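Residue numbers (my numbering): 8 to 281. Idealized CB from N, CA, C, for every residue including glycine. Just so you know, these numbers come straight off a predicted model, no measurement behind them.
Below you can see the structure in the form of structure tokens.
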């Protein structure tokens, strides 16, 4: 574990993604399987699935992870939006199963003009709808948010409540930029211990399955989702040393590709020196 990678493009076809990941120095990678902004999902035929798996082996990629589209909103007051969100997440799980992806992670959404307790309830109902009857191999992860506006799932307490009410047990995708902007510090061993204590008492450390490693342009507790290159933001290299030494999990970057090779190498250097 502690394999390092980033989000890569699926331009032309998802079958191009493994080679793009390898060229950037990835050992694992994340991708969309459809446009993140909307529209129908390109069909994954048996031939495409087999070619994708072949490309994974040829390019020495250990795992592939899927990020769901951005328009997903399980907390919308509009039932039609909630319905299509649940439908699309289940489709992503099924598509992931076709190509052998390990996880699908998604942002829970935003609750406007709604009581917080009701928003958590309908979000949990959405998770339950996705998981009900699903028999595939790809696992579902809830991604913790930074907490801007009325975003749902910006604390481990909320994620615990959603999981409990859903009746299912999805994992958690921890994003360093999100939790830092949400007020969870981990830049020293002391602050990391406090953050781990919160996680342990809520969702449990075993629930954390994947880590998005992004530095943050936003300061601690600022509640803004603003990714920065590794070591160039408010978290800094010491924070990522704490993360990598604490969690024996795969690490996915979502920084801009102008410096992504450098970002990957920085994390590999930290891992080497543990």
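Three-state class that DSSP yields for residue i in the structure shown
{"i": "residue 247", "result": "helix"}
{"i": "residue 58", "result": "helix"}
{"i": "residue 236", "result": "coil"}
{"i": "residue 139", "result": "coil"}
{"i": "residue 17", "result": "coil"}
{"i": "residue 185", "result": "helix"}
{"i": "residue 217", "result": "strand"}
{"i": "residue 226", "result": "coil"}
{"i": "residue 133", "result": "helix"}
{"i": "residue 163", "result": "helix"}
{"i": "residue 170", "result": "helix"}
{"i": "residue 281", "result": "coil"}
{"i": "residue 52", "result": "coil"}
{"i": "residue 153", "result": "coil"}
{"i": "residue 5", "result": "The structure shown does not extend to residue 5, since the chain is modelled only from 8 to 281, so the question has no answer here."}
{"i": "residue 104", "result": "helix"}
According to DSSP, residues forming a beta bridge with residue i
{"i": "residue 178", "result": "148"}
{"i": "residue 120", "result": "Residue 120 is not bridged to any residue."}
{"i": "residue 12", "result": "35 and 259"}
{"i": "residue 72", "result": "37 and 110"}
{"i": "residue 83", "result": "In the DSSP output, where bridge partners are listed per residue, residue 83 has none listed."}
{"i": "residue 158", "result": "117"}
Cβ-based burial, residue i [other Cβ within 10 Å; buried from 16]
{"i": "residue 54", "result": "exposed"}
{"i": "residue 52", "result": "exposed"}
{"i": "residue 125", "result": "exposed"}
{"i": "residue 232", "result": "buried"}
{"i": "residue 80", "result": "buried"}
{"i": "residue 292", "result": "This structure does not reach residue 292, given that the chain is present from 8 up to 281, and the question cannot be answered."}
{"i": "residue 290", "result": "Nothing in the structure corresponds to residue 290, since the chain is present only between 8 and 281."}
{"i": "residue 257", "result": "buried"}
{"i": "residue 160", "result": "buried"}
{"i": "residue 200", "result": "exposed"}
{"i": "residue 281", "result": "exposed"}
{"i": "residue 63", "result": "buried"}
{"i": "residue 123", "result": "exposed"}
{"i": "residue 225", "result": "buried"}
{"i": "residue 173", "result": "buried"}
{"i": "residue 97", "result": "buried"}
{"i": "residue 140", "result": "exposed"}
Cβ neighbours of residue i in the same chain (closer than 7 Å, five flanking residues each side left out)
{"i": "residue 27", "result": "15 and 16"}
{"i": "residue 254", "result": "215 and 218"}
{"i": "residue 117", "result": "80, 82, 156, 157, 158 and 159"}
Cut-off 6 Å between Cβ atoms - residues of its own chain near residue i, not counting five sequence neighbours on either side
{"i": "residue 251", "result": "277 and 278"}
{"i": "residue 38", "result": "15, 17 and 24"}
{"i": "residue 143", "result": "100, 101 and 104"}
{"i": "residue 76", "result": "43"}
{"i": "residue 189", "result": "153, 154 and 161"}
{"i": "residue 136", "result": "93"}
{"i": "residue 212", "result": "206"}
Any non-hydrogen atom of the ligand ADP within 8 Å of residue i CB
{"i": "residue 196", "result": "Looking at this structure, you won't find the ligand ADP or any other ligand, since it has none at all."}
Contacts around residue i, its chain only, beta-carbon distance under 8 Å, and the 5 residues preceding and following it disregarded
{"i": "residue 202", "result": "186, 191, 192 and 193"}
{"i": "residue 227", "result": "187, 188, 190, 192 and 241"}
{"i": "residue 205", "result": "163 and 191"}
{"i": "residue 8", "result": "255, 256 and 257"}
{"i": "residue 22", "result": "55, 58, 59 and 62"}
Contact with chain D by residue i, beta-carbon distance below 9 Å
{"i": "residue 272", "result": "No chain D appears in the structure shown, which is made up of a single protein chain."}
Cβ pair count under 8 Å reaching 3, the stretch 191 to 199 against the stretch 261 to 274: no
Cβ contact check for the stretch 69 to 88 and the stretch 104 to 120: 3 or more pairs under 8 Å: With contact defined as three or more Cβ pairs closer than 8 Å, the stretch 69 to 88 and the stretch 104 to 120 are in contact.
Inter-stretch contact at 8 Å, needing at least 3 Cβ pairs: the stretch 220 to 230 / the stretch 240 to 247: Output reads yes: the stretch 240 to 247 touches the stretch 220 to 230.
Cβ contact (3+ pairs, closer than 8 Å) linking the stretch 39 to 48 and the stretch 79 to 93: no
Inter-stretch contact at 8 Å, needing at least 3 Cβ pairs: the stretch 57 to 64 / the stretch 86 to 102: no
Contact between the stretch 166 to 186 and the stretch 139 to 157 (3+ Cβ pairs under 8 Å): yes
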